[in-house]
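Chemist: For the sequence shown, full-length UniProt numbering assigns the number 1 to the initial residue and increments by one for each residue that follows.
Can you keep this structure in mind? I'll have questions shortly.
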Amino acid sequence: MARAFDDLADALNKGRWPEPTCTAEEMALHLAIEDAPAYLEDRPADDEHHTPPRHEDDYSWDGCADLLFQDHDVLTLFDASLAGIEDPDNPANQRLGAGALRVDAWFEPSDNGAARDPRRGFRR
1 MARAFDDLAD ALNKGRWPEP TCTAEEMALH LAIEDAPAYL EDRPADDEHH TPPRHEDDYS
61 WDGCADLLFQ DHDVLTLFDA SLAGIEDPDN PANQRLGAGA LRVDAWFEPS DNGAARDPRR
121 GFRR
């Protein structure tokens, strides 16, 4: 799971959008967006962060969630009324077209994204 966070952070560090390529990265990005407001409260941005002109959408975390995801299927795992939705044979899963949300499939490339290079290594 740490690698999912690292891959998204690497994209941001290179000036690219953090585009999730698998369910694990989708979950990592949801968690990062959820944690972002508290992170900024605990660690105020430095002067360099405020160099670009301010925009009304700065810190619009809901806007980030709308822009950065093709869907929010992974969040259905937290809905108790949808127990079993991780199974692609589950009727609710099939209605939503969510696909395999089982943990053992989280690191498989999504149908809608390019796979990460498996030789990219790990952070040390």
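Think of the CB as a built atom: it goes at the ideal place given N, C-alpha and C, for glycine as much as any other residue.
Among residues of its own chain, excluding the 5 on either side of residue 137, which ones have a beta-carbon nearer than 8 Å to its beta-carbon?
Modeler: No statement about residue 137 is possible, as the shown extent of the chain runs from 1 to 124 and does not include it.
Chemist: If you draw a straight line from the alpha carbon of Ala11 to that of Arg116, how long is it in whole angstroms?
Modeler: Taking the straight line joining both Cα atoms gives about 11 Å.
Chemist: Do Glu25 and Leu40 have their beta-carbon atoms positioned less than 8 Å apart in this structure?
Modeler: Not closer than 8 Å, so no.
Chemist: Roughly how many whole angstroms lie between the Cα atoms of Gly121 and Pro91?
Modeler: Computed Cα separation, rounded: 38 Å.
Chemist: By the DSSP assignment, the alpha helix (DSSP H) with Asn13 in it spans what residues?
Modeler: That run of the alpha helix (DSSP H) goes 2 to 13.
Chemist: Find out if the Cβ-Cβ distance for the pair Ala38, Phe5 is shorter than 8 Å.
Modeler: No; because the gap between Cβ atoms is not below 8 Å, this pair is not in contact.
Chemist: Alpha carbon to alpha carbon, how far is Ala105 from Pro118? Give it in angstroms, no decimals.
Modeler: So the two alpha carbons sit approximately 16 Å from each other.
Chemist: Straight-line CA distance for Gly99 to Pro18?
Modeler: The alpha-carbon atoms of Gly99 and Pro18 are separated by roughly 22 Å.
Chemist: Does DSSP put Pro109 in a helix, a strand or coil?
Modeler: Note: Pro109 maps to strand in three-state DSSP.
Chemist: Taking 8 Å as the cut-off, decide whether the C-beta atoms of Ala114 and Thr21 are in contact.
Modeler: Yes, these two residues count as a Cβ contact at 8 Å.
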